[in-house]
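According to mature numbering (1 follows the signal peptide of the UniProt record, and there is no 0), the sequence shown holds residues -25 to -1, 1 to 748 in order. Each residue gets a CB set at the ideal place from its N, CA and C atoms; glycine is no exception.
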Amino acid sequence: MKLRNWLMVTGGASALLACASTALAQTSAGERAAASDQIEEIVVTAQRRAQSIDDVGMTLNVVSNQQLQRQGVTQASDLVKVVPGFTVATNSDGTPIYTLRGVSFNSLNIGTSPTVSVYIDEASIPFSIMTQGGLLDLERVEVLKGPQGTLYGQNATGGAINYITAQPTETLAGGVKASYSRFDTFQTEAFVSGPVTDTLNARLAVSGVRSGPWQKSATRDDELGDQRKLAARLILDWRPVEALRFNLNVNGWGDWSDTQAPQFIQAKPNAPAFASPLLNTIAPNDTSARLADWDADKTYRKNNKFYQAALRGELKISDHVQLTSLTDYTYISVHYRNDNDGSSYFVSNMENDGFARAWNQELRLSGDVVDGRLKYIVGASYQQDDSLEDNTFTGALISSQETPFGRFAAAQAHGRQANRAQAGFANVDFELTKRLTLSGGARYTEVKHDTESCTRDAGDGELAAVATQLSAYLRSLAGLPPGATIPPGGCVSTGPDLLPYHQVESFKEHNVSWRLNLNYELNPDARLYATASRGYKAGNYQVAVNSSYVSFPPVHQEELTAYEVGAKLKLLDRRLALNAAVYYYDYQDKQLLTLTQDPVFGLQFSLVNVPKSSVKGFDADITWLPVRGLTIRAATTYADSAIDKFQGFDVFGAPADLSGKAFNLTPKWIGVGDVEYRHDLSGEYEGFVGASLNYNSKTYADIAGSDVLGIGAFTLVDLRAGVSSTDGRREAMVFVKNATDKYHWSYAQPGGDSVLRYASQPRTFGITLSQHF
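Right under this line is the structure:
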């Protein structure tokens, strides 16, 4: 680690020690004060066992069900309201891009692994596109920051998000919630829970969303943006004997909503000499979130379906030993069409058909020895997954589709990927003294990646004819005879012999993730910790439109080594909680989606490995109960990211020196805050008002920092007010999201011959009613 980074971390540690010393004096004063309320103890399972959140030596954000409900967190993208350092963008393929402390992965394929992994009760959701269902009937959400490879496996270099579901109850219970808001949006959620037999409990939850359009055409009387979503989950909890438990979770969702139309920002022809003059007639749509455009004669709608089945078995071998088995299967099918140019002309469209599925088995033994001072977990896991996708690009006006050998109107990227991973892992926590705990763990992983892919003619024969002539011309220059005529639907990308190339390849990787942690308790209300860890994200092949086999090489696994020092403090008689941490990430071979020039198709997306890069920064959050009924939460994350040295291209295809550039989709500053005041109205009801804030500083959608792909700084404010019963069974709430109607966007990219922007929704407002029994 470089000297300046070591000084930053150790300097941060000194500052945290000073804060902790101050905390000792403040806590003593607080013990003499009369407190009306105290911050409740939070129990988490972040390290695969129940612990107080203060005993976990890492930055960990926990969001309760009540906080999710009050702040309108209904899907993964809404977590940006409550988790500092977390951002979500959605690319043109509809795949969410999760970023934690600057660690993210952007891919246009459904079957590529993420850097921020998502779990439901520890069962893996291996691909980001599978996480687009709503947050249904949860007890809490745990967000772990930093590499989590030891216990969670690879593909969690940025962190892990674990949804903890509400479990079946031993007595009959149920509830329903309904919400109506702007754009004729109607959301419902209901659950019923209770015993089936003396040993079997069940819980069924369902939800649905239906709304009208929120986007308006800039050139005609037309609208887009309907939502149609359904989700359901059934949990069966069976305890045939005291020492044995089985928990079956079957869940799924369907999404038949419209795809979002991008906003046209400016023309950017791939081949200016062949650019359509119509590009100069398109006006930018960069003033209103609702304003966009799309082809009038096409249907832009999803047909995406997902389901998961996860079986957890727990056998208590003795009072000190437990065997846990976790088996899960996930599957998603996708079909959707996107407008890819942001105009009413048929410049560029994309249609995606595919599926992804995965099966995972984990077996682990956990327990404690040495009078409970040493707690251990040891286990093994096996996962296999595969995906298939056909991405068809069509358009009548794209400049790069005009060639010396004729014009073509469509091309298809076809690919199938399969991965097999097996791992063994162990983790121990040892109490060196009553105040000092040493933790360590490691995981060895072997992975095999397989692929078969090519760029294909879309079936009309136009691209096949162009590719046949191009191949014959290139072979003639090499003194070779022409090859056979490429049939409609055939592969058109060329191989080393300048003939059609169908890639069939595989490669293997292995790695060792590890983690070391020291956790020191100064007193019951003040803890310090220091952590060093290493995690890996698996390699991937890319499915994309390319003219040559040289564009097909995979990206290999990336390595992230993290150092973190932090403090967790309870002050003012436990009415104020302060958590702070400084961190440094050392990146090797970061996987990056960048732009490259293809001789036939023009500027195209490409995955590459960046040799060295880094992130350094800090996290801080407080929860304060200054007076009875008033809760104040505030948190911030600073992330200073940089690529050490790398050459690439900017959005216009010009060579660019990317050395020193910040990571894309990584604001330096992110802040979230929430204030809520509750007041007794009668013996049975209380009223509440609240406001929340989310701030992101400026960032860029591309690594070159192109101005046209900038994502401007923004501050969003949400408001709420309502009445609830003191027993929590009934509640009525009115709310306003994006109260200032701030125009902002989460993503931008080149598309077709355009630069595009994906705007977030404008101000919305509505009412929510809920009833539990």
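What are the start and end residues of the alpha helix (DSSP H) that includes residue i?
i: VAL479; result: It is not in any alpha helix (DSSP H) - VAL479 instead sits in the beta strand (DSSP E) that spans 478 to 498.
i: ARG450; result: 437 to 452
i: residue 750; result: In the structure as shown, the chain begins at -25 and stops at 748. Residue 750 is therefore absent and cannot be evaluated.
Apart from the five residues just before and just after residue i, which ones in its own chain have a Cβ nearer than 8 Å to its Cβ?
i: GLY454; result: none
i: ARG410; result: TYR495, GLU496 and LEU497
Would you call residue i buried or exposed, if buried means 16 or more other Cβ atoms sit within 10 Å of its Cβ?
i: THR502; result: Before going further, note that residue 502 is Arg rather than Thr in the sequence given. By the neighbour-count rule (16 or more Cβ atoms within 10 Å), ARG502 is buried.
i: LYS273; result: exposed
i: SER218; result: First, the residue type needs correcting, since residue 218 is Ala and not Ser in the sequence shown. ALA218 comes out exposed.
i: PRO101; result: buried
i: ASN255; result: exposed
i: GLY187; result: exposed
i: PRO475; result: buried
i: SER375; result: buried
i: ALA(-3); result: Residue confidence for ALA(-3) is low, a pLDDT of 40 falling below 50, so the modelled location carries little weight; the figure read from the coordinates is stated next. By the 10 Å Cβ count, ALA(-3) comes out buried.
i: ASP294; result: exposed
i: LEU553; result: buried
i: ALA242; result: buried
i: GLU164; result: buried
i: VAL19; result: buried
i: LYS620; result: exposed
Between residue i and residue j, which are expected to be in contact by the criterion C-beta below 8 Å, what is the C-beta distance as a whole number of angstroms?
i: ALA246; j: GLU377; result: 7 Å
i: SER356; j: ASN335; result: 7 Å
i: TYR138; j: LEU175; result: No, TYR138 and LEU175 are not in contact; Cβ-Cβ is about 23 Å, not under 8 Å.
i: ASP268; j: SER318; result: 5 Å
i: GLY47; j: ASP693; result: 7 Å
i: THR90; j: GLY133; result: 4 Å
i: GLU364; j: ASN84; result: 6 Å
i: GLY648; j: THR34; result: Between THR34 and GLY648 the Cβ distance is about 17 Å, and since that is not below 8 Å, they are no contact.
i: PRO529; j: TYR511; result: With a Cβ gap of about 15 Å, PRO529 and TYR511 do not count as contacting.
i: GLY680; j: LYS636; result: 6 Å
i: ALA98; j: ASN224; result: 7 Å
i: ALA614; j: VAL590; result: 6 Å
i: GLY465; j: ARG431; result: 7 Å
i: SER729; j: PHE330; result: No, SER729 and PHE330 are not in contact; Cβ-Cβ is about 30 Å, not under 8 Å.
Spell out the partners DSSP gives residue i in its beta bridges.
i: PRO170; result: ASN176
i: GLN241; result: VAL730
i: ASN313; result: MET325
i: TYR357; result: GLN336 and GLN397
i: TRP213; result: LEU175 and PHE221
i: ILE307; result: PHE281 and ALA331
Going by beta carbon distance, what residues of the same chain come within less than 7 Å of residue i, once the five residues before and after it are set aside?
i: GLY354; result: GLU337, LEU338, ARG339, LEU340 and PHE400
i: ALA676; result: ASN639, LEU640, LEU684, ILE686, TYR722, ALA723 and GLN724
i: SER735; result: ALA264, HIS719, TRP720 and SER721
i: THR106; result: ALA51, PRO71, VAL93 and ILE100
Give the range of the beta strand (DSSP E) segment to which residue i is assigned.
i: THR274; result: Taken as a continuous stretch (DSSP letters only), THR274 belongs to no beta strand (DSSP E), as it is neither H nor E.
i: THR125; result: Premise fails: THR125 lies in the alpha helix (DSSP H), 124 to 127, not in any beta strand (DSSP E).
i: ALA699; result: Before going on, a small fix: residue 699 reads as Ser here, not Ala. Residues 689 to 700.
i: GLN572; result: 551 to 573
i: CYS466; result: No beta strand (DSSP E) holds CYS466; DSSP gives it neither H nor E.
i: SER616; result: 605 to 618
i: GLU117; result: 113 to 120
i: GLU651; result: 644 to 655
i: LYS152; result: 148 to 156
i: ASP425; result: 411 to 431
i: ARG287; result: 279 to 293
i: ILE742; result: 739 to 747
i: PHE580; result: 577 to 599
i: ALA631; result: 630 to 632
Might you give, ordered along the chain, the residues of its own chain that have their beta carbon closer than 6 Å to the beta carbon of residue i, omitting 5 neighbours on each side?
i: THR460; result: THR443
i: SER236; result: Correcting the residue identity first, residue 236 is Ala in this sequence and not Ser. Counting only Cβ-Cβ distances below 6 Å, and skipping sequence neighbours, we find GLN190, LEU199, ALA267, TRP269 and ASP314.
i: residue 752; result: No statement about residue 752 is possible, as the shown extent of the chain runs from -25 to 748 and does not include it.
i: ALA609; result: ILE597 and GLY648
i: ASN222; result: ASP212 and ARG287
i: ALA9; result: With a pLDDT of only 34 at ALA9, under 50, the local geometry of the prediction cannot be trusted, and the value read off the model is given with reservation. Hits under 6 Å: none found.
i: LEU449; result: LEU473
i: VAL184; result: GLN162, GLN202 and LYS204
i: GLY662; result: HIS654, LEU656 and VAL698
i: residue 833; result: Residue coverage of the chain in this structure runs from -25 to 748, which leaves residue 833 outside it and unanswerable.
Verify the CB distance criterion: does residue i have a CB-CB separation below 7 Å to chain B?
i: GLY514; result: The chain labelled as chain B is not found in the depicted structure, where only one protein chain is given.
Given the structure, does residue i come close to the ligand MG, in the sense that its CB is under 6 Å from one of the ligand's heavy atoms?
i: TRP189; result: Although the ligand MG was asked about, the structure shown includes no ligands whatsoever.
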